[in-house]
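*Asks:*
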Amino acid sequence: MSGTKKTENPSEERAPRNFLEEIIDNDLAEGRHKTILTRFPPEPNGYLHIGHAKSITVNFGLGQKYGGATNLRFDDTNPITEDTEYVDSIKQDVQWLGYQWKEELYASDYFENLFEFAIKLIRDGLAYVDDSTSEEIAALKGTPTRPGSDSPFRTRTPDENEDLFRRMRAGEFPDGSRILRAKIDMSSPNMLMRDPVIYRIKHAHHHRTGDQWCIYPTYDFAHGQSDAIENITHSICTLEFMSHRELYNWFIEKLELFPSRQYEFARLNLSYTIMSKRKLLQLVNEKHVDGWDDPRMPTISGLRRRGYTPKSIQEFCARIGVAKRDNLIDVSLLEFCAREDLNKIALRRMVVFDPVKLVITNWPKGKVEMLESENNPEDATTGERSIAFNGTIYIERDDFMEDAPKKYFRLSPGASVRLKSAYIITCEDVVKDDSGTVTEIRCVYHPDSRSGSDTSGIKAKGTLHWVSTEHAIEVEVRDYDRLFRVENPAEEEGDFLDYVNPDSLTVFPKAYAEPALIDDANEAAASGKIPHYQFMRKGYYYADTSSTSDKLVFNQTVGLRDTWAKMNK
RNA sequence: UGCCCGGUCGUCUAAGGGUAGGACAGCGGUUUUUGGUACCGUAUGUGGGGGUUCGAAUCCUCCCCGGGCAACCA
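Take the first sequence: its letters are residues 43 to 611, numbered as in this note's numbering.
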């Protein structure tokens, strides 16, 4: 052993894998399983967010990697909060992310099985009906540092318990009057083993089983058994379920079920946002955002509406890794993944957000010239488009500066810049109104500097995007900033709403765009394929769901990296 | 103050007794008709103390720090 180097046989070198893959490799190597089956188990009480995307890529990714499969199972054991609206959105989001489940299942599919499991525990003297109030139960539960004590109902006979439990099912008792508890150990150091509740009475309508049931199993009594019924080999959940694992195993052992095993990983936390479904719901209900799919939301539907691609989200999930330590991922990684994908697929277009007029004084009156510009320099197969140029254009207001520092590469009096895909121009004059605001910039162009056939020898440091005033169309552009002002709103003192970023949305209601966007929109309407854009020198954009051919509306997916802005900080 | 987890660059994540590596972020360059992209370079890390060992991020031990656990939520 000593002295042998790991490099002597490269094929023996371990490929880096996360701890779940190590577990699976071992299970497979030891013959514990021949293949694997995982499951993604959302509760249909809210929309999926980027944290769920991590869980989805972990579960489905493992299923794929090992040639196994993954079930989609809705954990619908609490009818009060659950709804088919959420079921539908969850299915859509999982598929949009690019995954296909083997079976679509519901914990509620197993209500009858679960009931029988409960009867078995009762017959085996391992469960009892407790008539105590929830306060009494809590009082007898003890604390993490002090053991609990037995309920006075703990010694009921199996017959009595079975009778009571069947009558609970029959609807003889009101909500909260009785529960079924597992009989384990009131002095266990694990609070969850202190005779946990496994069935409660809820006279509530269930989104799938309707009014068929008035007793519902708790998470602990449903999840593991559902896994076992489906022969799930690896039941992967987040860290907060760690202490549930002992209970999970107890049920499987006592009920003699398929030995599914639970493993826990650290959930995703993303900087400058929140992941709590409850808080997300509050943002929606209190109208701090436009809905679950508001482009500022960390929901899958929000990211989709904003223009994130499934590929970029998958890549993000792959890069953050899977481990057991708490984490707070820098949102810049998500943005990097978006840019990385979008750079290769986004169509380049020119849009001027905050326009100022620029007149080329030596342009032949009435002349319109068609210029060619590449749709995507990263992908020659996307070809070129024609852009009309007639000597009077809009440029961005901040692409001009009257007193410019040396490092400023854009327009200023006497300076020359390239107009993207057009000519080099030199600024000669500025027109201002009474308040000193620039109303018109006057330039000359250099006829021999035409893009692609430049013989002028003039070197322009900067290149500006522009739109012909005559041909421009008006569009609405929405830019987004982080939803919260602080890195970790969940950790902050007081109400998380106090940390909402008031400037998370900037609307440009009348931006000027090149007319190609109209053609694109028509094409998209016909093909159903909505293109991703890069508005040059601005960022990546995607048509909003509210966009129509009469009024195009674009969401900023993510801005371009901006080293100039950084220099000026 | 009980039980259970965890602690490696700023942020994530590898290294399974043998050179602490990668990514993002940062910084500095080169190229560029996007201050984009691409490419190159660069700084920054094993929570602390004791052990075991020729050798420790890795094994043992004590301590420190962070998280979870007292819903008829999941």
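The beta carbon of each residue, even a glycine, is placed where N, CA and C say it ideally should be. These numbers were taken from a predicted model, which means no experiment stands behind them.
Mind checking Leu617: buried by the 16 CB within 10 Å criterion, or exposed?
*Replies:* Residue numbering for the chain in the displayed model covers 43 to 611; residue 617 lies beyond these limits and cannot be assessed.
*Asks:* Tell me, please, whether the region 395-410 touches the region 434-450 by the rule of three or more beta-carbon pairs shorter than 8 Å.
*Replies:* A contact exists between the region 395-410 and the region 434-450.
*Asks:* Run through the region 395-450 for me and flag every whole alpha helix (DSSP H) of 4 or more residues, listed as ranges in chain order.
*Replies:* Correct list: empty.
*Asks:* Quick test of the definition: if touching needs 3 or more C-beta pairs under 8 Å, does the region 291-300 touch the region 105-124?
*Replies:* No, they do not touch.
*Asks:* With H, G and I counted as helix, E and B as strand and the rest as coil, what does DSSP make of Thr603?
*Replies:* Position 561 of the first sequence, counting from 1, holds the residue named residue 603. Position check: residue 603 holds Arg in this sequence, whereas Thr was assumed. Of the three classes helix, strand and coil, the one that applies to Arg603 here is coil, per DSSP.
*Asks:* Measure the CB-CB distance between Val600 and Ala553 and report whether it falls below 7 Å.
*Replies:* The sequence position of residue 600 within the first sequence is 558, counting from 1. The sequence position of residue 553 within the first sequence is 511, counting from 1. In this structure, Ala553 does not lie closer than 7 Å to Val600 by Cβ.
*Asks:* Alpha carbon to alpha carbon, how far is Asp130 from Ala270? Give it in angstroms, no decimals.
*Replies:* By one-based count along the first sequence, residue 270 stands at place 228. By one-based count along the first sequence, residue 130 stands at place 88. About 25 Å.
*Asks:* Per DSSP, what are the beta-bridge partners of Phe29 in this structure?
*Replies:* The chain is shown from 43 up to 611; residue 29 falls before or after that span and cannot be answered.
*Asks:* By the three-class DSSP mapping on this structure, what secondary structure does Tyr290 have?
*Replies:* Here the question's residue 290 lines up with position 248 in the first sequence. It is helical.
*Asks:* How big is the Cα-Cα spacing for Met43 and Leu376?
*Replies:* Here residue 43 refers to the residue found at position 1 when the first sequence is read from its first residue. Here residue 376 refers to the residue found at position 334 when the first sequence is read from its first residue. The predicted model places Met43 with a pLDDT of 30, which falls under 50 and marks its position as unreliable, so this point remains unresolved.
*Asks:* For a quick check, are the C-beta atoms of Gly213 and Cys256 less than 7 Å apart?
*Replies:* As a working note, residue 213 is residue 171 in the first sequence. As a working note, residue 256 is residue 214 in the first sequence. It is a contact, given that the beta carbons lie within the stated cut-off.
*Asks:* Along the chain, where does the alpha helix (DSSP H) containing Ser97 start, and where does it finish?
*Replies:* Indexing the first sequence from 1 puts residue 97 at position 55. Segment Ile92 to Lys107, the alpha helix (DSSP H) holding Ser97.
*Asks:* What do you get for Lys48, buried or exposed, if any count of 16 or more other CB atoms within 10 angstroms of its CB means buried?
*Replies:* Locating residue 48 in the first sequence gives position 6, counting from the first residue. Annotation note: pLDDT 34 at Lys48 (below 50); position unreliable, coordinate value reported separately. Lys48 comes out exposed.
*Asks:* What residues match up with Ser458 in a beta bridge as DSSP calls it?
*Replies:* Here residue 458 refers to the residue found at position 416 of the first sequence. Bridge partners of Ser458: Thr468.
*Asks:* Measuring straight from C-alpha to C-alpha, what distance separates Phe596 and Pro231?
*Replies:* Taking the first residue of the first sequence as position 1, residue 596 is located at position 554. Taking the first residue of the first sequence as position 1, residue 231 is located at position 189. Going from the Cα of Phe596 to the Cα of Pro231 covers about 56 Å.
*Asks:* Whose CA, out of Asp440, Pro337 and Leu345, lies closest to the CA of Ile643?
*Replies:* Outside the displayed range of the chain (43 to 611) lies residue 643, so it cannot be described from this structure.
*Asks:* Beta carbon of Pro200, beta carbon of Ile161: below 7 Å?
*Replies:* Position 158 of the first sequence holds residue 200. Position 119 of the first sequence holds residue 161. Cβ atoms of Pro200 and Ile161: not closer than 7 Å.
*Asks:* DSSP three-state label for Gly504, please.
*Replies:* Stepping through the first sequence from its first residue, residue 504 is reached at position 462. Reduced to three states, the DSSP call for Gly504 is strand.
*Asks:* From this set, Pro406, Phe577 and Asp537, which residue's C-alpha is nearest Asn385's C-alpha?
*Replies:* Walking along the first sequence from the start, residue 385 turns up at place 343. Considering only alpha carbons, the answer is Phe577.
*Asks:* Taking the alpha helix (DSSP H) that Phe153 belongs to, which residues open and close that run?
*Replies:* Translated into the one-based positions of the first sequence, residue 153 becomes position 111. Here the alpha helix (DSSP H) through Phe153 covers Phe153 to Arg165.
*Asks:* Give me the Cβ distance between Leu168 and Leu147, rounded to the nearest whole Å; I'm assuming they're in contact under 8 Å.
*Replies:* Counted from its first residue, the first sequence places residue 168 at position 126. Counted from its first residue, the first sequence places residue 147 at position 105. Not confirmed; about 26 Å, so no contact.
*Asks:* Looking at C-alpha atoms only, which residue of Ile66, Lys133, Thr505 and Pro58 is the closest neighbour of Pro86?
*Replies:* Within the first sequence, numbered from 1, the residue matching residue 86 stands at position 44. Comparing Cα positions, the closest option is Lys133.
*Asks:* Among Ser415, Glu158 and Arg520, which residue has its Cα nearest to the Cα of Thr424?
*Replies:* To locate residue 424, count along the first sequence from 1; it is residue 382. When each option's Cα is compared against that of Thr424, the closest is Ser415.
*Asks:* How far does the beta strand (DSSP E) with Lys552 in it extend, from its first residue to its last?
*Replies:* Residue mapping note: residue 552 aligns to position 510 of the first sequence, counting from 1. Segment Leu547 to Ala555, the beta strand (DSSP E) holding Lys552.
*Asks:* For Glu50, is the classification buried or exposed, using 16 other Cβ atoms within 10 angstroms of its Cβ as the cut-off for buried?
*Replies:* In the first sequence, the residue the question calls residue 50 occupies position 8. For Glu50, the pLDDT reaches just 35, beneath the cut-off of 50, and the residue's location in the model is therefore unreliable, leaving the point undetermined.
*Asks:* Take Lys366 and list the residues in its own chain whose beta-carbon comes closer than 8 Å to its own, dropping the five residues that flank it on each side.
*Replies:* The sequence position of residue 366 within the first sequence is 324, counting from 1. Cβ neighbours of Lys366 beyond the five flanking positions: Phe61, Leu281, Glu306, Phe307 and Ala308.
*Asks:* Would you call the region 250-268 in contact with the region 210-229, where contact means no fewer than 3 C-beta pairs closer than 8 Å?
*Replies:* Segments in contact, yes.
*Asks:* Contact defined as beta carbons within less than 8 Å: I believe Val394 pairs with Val509. What is the distance between those atoms, to the nearest angstrom?
*Replies:* For this step, residue 394 is matched to residue 352 along the first sequence. For this step, residue 509 is matched to residue 467 along the first sequence. Val394 to Val509, Cβ: 5 Å. Contact.
*Asks:* Could you say which of Ser463, Lys409, Asp441 and Ala457 lies nearest to Ser428 if we only look at CA atoms?
*Replies:* Here residue 428 is taken as the residue at index 386 of the first sequence, counted from 1. Ser428 has its Cα closest to that of Ser463, out of Ser463, Lys409, Asp441 and Ala457.
*Asks:* Assuming Val486 is part of the beta strand (DSSP E), what are its boundary residues?
*Replies:* Taking the first sequence and counting its residues from 1, one reaches residue 486 at position 444. Val480 to Tyr487 is the extent of the beta strand (DSSP E) around Val486.
*Asks:* Rounded to a whole number of angstroms, what is the C-alpha to C-alpha distance between Leu506 and Phe550?
*Replies:* Locating residue 506 in the first sequence gives position 464, counting from the first residue. Locating residue 550 in the first sequence gives position 508, counting from the first residue. Those two C-alpha atoms are separated by around 19 Å.
*Asks:* So what does Leu281 bridge to, in DSSP terms?
*Replies:* In the first sequence, counting from the first residue as 1, residue 281 sits at position 239. DSSP, once it has assigned bridges, lists no residue as partnering Leu281.
*Asks:* In the region 358-393, which residue ranges form an unbroken alpha helix (DSSP H) of at least 4 residues, counting only runs that do not cross its ends?
*Replies:* Fully enclosed alpha helix (DSSP H) runs of 4 or longer: 373-387.
*Asks:* So the candidates are His249, Glu512 and Lys580; which of them puts its Cα closest to the Cα of Gly408?
*Replies:* Residue 408 sits at position 366 when you count from the first residue of the first sequence. Nearest C-alpha to Gly408: Glu512.
*Asks:* Reducing DSSP to helix, strand and coil, say where Lys144 ends up.
*Replies:* Against the first sequence, residue 144 aligns to sequence position 102. If DSSP states are grouped into helix, strand and coil, Lys144 belongs with coil.
*Asks:* How about Ser277 and Ser302: do their beta carbons lie closer than 7 Å?
*Replies:* Against the first sequence, residue 277 aligns to sequence position 235. Against the first sequence, residue 302 aligns to sequence position 260. Contact: yes.
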